[in-house]
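*Asks:* Residues in the sequence shown are numbered from 4 upward in steps of one, following my numbering. Cβ coordinates follow ideal geometry from the N, Cα and C atoms, glycine included. Note that the coordinates shown come from a computational prediction; the quantities given were computed from them, not determined experimentally. Before we start, here is the structure in question, set down as structure tokens.
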Amino acid sequence: MSRALRILFLVFFTTLFLPPVHATSLDLDGSTTELTDQGEEGSHEAEEASHAPPGWTVIPFVTLLLMIATGPLFYEHFWHKNYPKVAIALAAMVVLYYLFVLHNSHSPIHALAEYVQFIALLASLYIASGGIMIDIDQKATPVANVVLLFIGAVISNLIGTTGASMLLIRPFIRLNKTRIKAYHIIFFIFMVSNVGGSLTPIGDPPLFLGFLKGVPFFWTMVHNFLPWLFALAILLVIFYLFDKRNTSSPGLSDEEITYSNKISLVGARNFIWLGVVIGSVFLDPNVLHWVPAIDYHGQKFSFLREIIMLSVAFFSFKFAKKEAIQGNEFSFEPIREVAFIFIGIFGTMMPALELVGGFAASPEGSKLISHNTLYWGTGILSGFLDNAPTYINFLTAALAAEGGTILKIADVVDFAEGGRFPGSVLDLQAISVAAVFFGAFTYIGNGPNFMVKSIAEQIGIKMPSFFGYIIRFSIPILLPLLLIVWLVFFAFL
């Protein structure tokens, strides 16, 4: 494997000085910059974005995806020992190319800011929820599981898919301790970690980014409710049919256990820490101008919010009840794994996002834009890239196709309300639903997915591999559902 890495580095540095392609560039913040061969003077961002990345720059991203998929299967010892080095090395290759060949520091800095926001949120929610132990002492039944999953899907809209996932995955596993299977975790990811958070901007990061750009707060509740209810109902029925057939008991049988039918809670004060995290999410300097920020060439990057979140992570663990920490079998390994894997993902996915987004915003690409192409385009990329920047890229392209810009809140509001942009409400609905729903297609489509998988594996549940997840669950279950959602809500409109 080390030889393969050396070959990859050789290929990278051999092609490092190939002349980049001039094109229209779409930055990770969603802004587009028209490029010219004359090198006219402009803003600092326009100068930095003077070259679009060549197509081969997606190789590190594809390599990382393949290694995430094959590592645990074919070279498990090497992967578990070296995945942090691999992720950082692949990300560094792309970042160095941007800095020293494309002379573009804007995209890497923006990706770094997004990563810090991402990991600060996940770490604070993971650690704070680790100090809350919910124990449901009753017999696990398909109906009880369906009720818990539905409650989790609703709660996802109040504390986010990450918060709900971290709060409920351990109680869900404990409830099913005598009959736990991989499908329990997969359907939890489908419903609580993804589809459930479709109704509010708090629910899922893509929707929150849309809210920050100007989409009204209750827009998602009004326009996403029917697809949310429809998809959730189908998933719950399918899960019920799966769970009804589960009669095996890998541990103690239910007949050997006496149940009190009570719900106990240890570490309730950590709900305060969770509340602080959720509240701090709204401290965005681009919306609240009094919030201190780092000004980078006219763009504001938050730091107060991240300081609050990381402080919550520290203090919520320091003052957590030991009984809750021990009862949850709390470990830092899941958040460590997510932190390193997503360093690689955020670093290497920049070219893929820019190439796809740049084409979508180009005159040729804009001719292909419709609510149907937006649904499938946003969805497919959300399954394999992080769904938040994918949402922003396609929203930017959809606005550009109508003559609007994501940089103007008034344009985004008009786009959401269908003011001067015909068909824009359906376009935004397609982008919003696809970004959230398709986030469940792979372990890396949405932040909580990988963390839930890691927690389950730490407890001893054998989870399917990256490809196993897609082949056994996403393609036969999720893909038909996504197709039905498209047919019912978008295809014929």
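#1: Rounded to the nearest angstrom, what separates Ile-464 and Phe-493 at their Cα positions?
#2: So Phe-304 is in the beta strand (DSSP E); what residue range does that whole segment cover?
#3: Does the pairing of the region 146–164 with the region 230–247 give three or more beta-carbon distances under 8 Å?
#4: Using the C-alpha atoms, what's the distance from Ala-443 back to Thr-393?
#5: Are the CB atoms of Ala-131 and Asn-273 within a distance shorter than 9 Å?
#6: Let me check one thing: in DSSP terms, what residues is Ile-266 bridge-paired to?
#7: Threshold first: 4 residues or longer. Then list the alpha helix (DSSP H) segments lying entirely within the region 167–198, N to C.
#8: Would you kindly work out how many angstroms separate the C-alpha atoms of Ser-435 and Asp-298, rounded to a whole number?
#9: Within 10 angstroms of its Cβ, does Val-61 collect 16 or more other Cβ (buried), or is it exposed?
#10: Just grab the DSSP bridge partners of Asp-298 for me.
#11: Counting C-beta neighbours from all protein chains within 10 Å, is the total for Asn-390 16 or more, i.e. buried, or is it exposed?
#12: Please report how far the alpha carbon of Phe-387 lies from the alpha carbon of Ala-114, in whole angstroms.
#13: State yes or no: is the C-beta of Phe-343 within less than 9 Å of the C-beta of Tyr-78?
#14: With a threshold of 8 Å (Cβ to nearest heavy atom), would Asp-140 be considered close to the ligand COA?
#15: When DSSP labels each residue in this structure, what does Ala-494 get in the three-state scheme?
#16: For Tyr-118, does the three-state DSSP call read helix, strand or coil?
#17: Are Ser-168 and Phe-191 touching if we call contact CB-CB under 9 Å?
#18: Measuring CB to CB, does Val-415 end up less than 9 Å from Asn-197?
#19: For the alpha helix (DSSP H) containing Met-454, name the first residue and the last one.
#20: Evaluate contact between the region 336–353 and the region 90–103, counting only Cβ atoms and requiring at least three cross-stretch pairs below 8 Å.
#21: Considering only their Cβ atoms, is the gap separating Leu-99 from His-226 smaller than 9 Å?
#22: By the 10 Å Cβ neighbour count, where 16 or more other Cβ atoms means buried, how is His-292 classified, buried or exposed?
#23: Could you check whether Arg-308 and Ala-123 sit closer than 9 Å to each other, using their CB atoms as the reference points?
#24: On the criterion of 16 or more Cβ atoms from any shown chain inside 10 Å, does Ala-236 qualify as buried, or is it exposed?
#25: Any chance the region 205–216 sits against the region 162–176, with 3 or more Cβ pairs inside 8 Å?
#26: Ordered along the chain, which non-local residues of its own chain (more than five positions away) have a Cβ less than 8 Å from that of Gly-202?
#27: For Arg-339, does the three-state DSSP call read helix, strand or coil?
#28: What is the rounded straight-line gap between the Cα of Tyr-101 and the Cα of Ser-108?
#29: Tell me which same chain residues have a C-beta within less than 7 Å of the C-beta of Lys-184, skipping the five on either side of it?
#30: Measuring only the C-alpha atoms, how far is Phe-220 from Phe-214?
#31: Starting from Met-499, follow the alpha helix (DSSP H) in both directions and report where the run begins and ends.
#32: Since Ile-310 and Ile-139 are thought to touch, with beta carbons under 8 Å apart, how far apart are those beta carbons, to the nearest angstrom?
*Replies:* Quick look at the numbers:
#1: In a straight line, the C-alpha of Ile-464 is about 38 Å away from that of Phe-493.
#2: 302–305 is the span of the beta strand (DSSP E), which, as asked, contains Phe-304.
#3: Output reads yes: the region 230–247 touches the region 146–164.
#4: Each residue's alpha carbon lies about 14 Å from the other.
#5: Yes.
#6: In the DSSP output, where bridge partners are listed per residue, Ile-266 has Ile-139.
#7: The qualifying runs are 185–194.
#8: Their backbone Cα atoms lie some 29 Å apart in a straight line.
#9: Counting every other CB atom within 10 Å of its CB across the protein chains shown gives Val-61 a total of 16 or more, marking it as buried.
#10: According to DSSP, Asp-298 bridges with Lys-303.
#11: Buried.
#12: A straight-line Cα-Cα distance of about 17 Å links Phe-387 and Ala-114.
#13: Going by C-beta atoms, Phe-343 is not nearer than 9 Å to Tyr-78.
#14: With respect to the ligand COA, the structure offers nothing, as it holds no ligand at all.
#15: In this structure, Ala-494 counts as coil in the three-state DSSP scheme.
#16: Assigned with DSSP and collapsed to three states, Tyr-118 falls in helix.
#17: Going by C-beta atoms, Ser-168 is nearer than 9 Å to Phe-191.
#18: Taking a C-beta distance under 9 Å as the contact criterion, Val-415 and Asn-197 do not qualify as a contact pair.
#19: Per DSSP, Met-454 is one residue of the alpha helix (DSSP H) stretching across 450–462.
#20: A contact exists between the region 336–353 and the region 90–103.
#21: No, they are not a contact pair.
#22: Exposed, because fewer than 16 other Cβ atoms sit within 10 Å of the Cβ of His-292.
#23: Yes, the Cβ-Cβ distance between Ala-123 and Arg-308 is below 9 Å.
#24: Around the beta carbon of Ala-236, fewer than 16 other beta carbons sit within 10 angstroms, so the residue counts as exposed.
#25: Contact between the region 205–216 and the region 162–176 is present: 3 or more CB-CB pairs across the two stretches fall below 8 Å.
#26: Here residue 202 turns out to be Leu, not Gly, going by the sequence shown. Around Leu-202, the same chain offers Asn-160, Thr-223, Met-224, Asn-227, Phe-228 and Trp-231 as residues with beta carbons nearer than 8 Å, after the five sequence neighbours per side are excluded.
#27: The answer is helix: DSSP assigns Arg-339 an H, G or I state.
#28: Taken atom to atom, the span from the alpha-carbon of Tyr-101 to that of Ser-108 is near 7 Å.
#29: Contacts found: Asn-249.
#30: If I take the Cα positions, the gap works out to 6 Å.
#31: The question about residue 499 has no answer here: the residues shown for the chain are numbered 4 through 496.
#32: Separation of the CB atoms of Ile-310 and Ile-139 is rounded to 35 Å, and the pair is thereby denied contact status at 8 Å.
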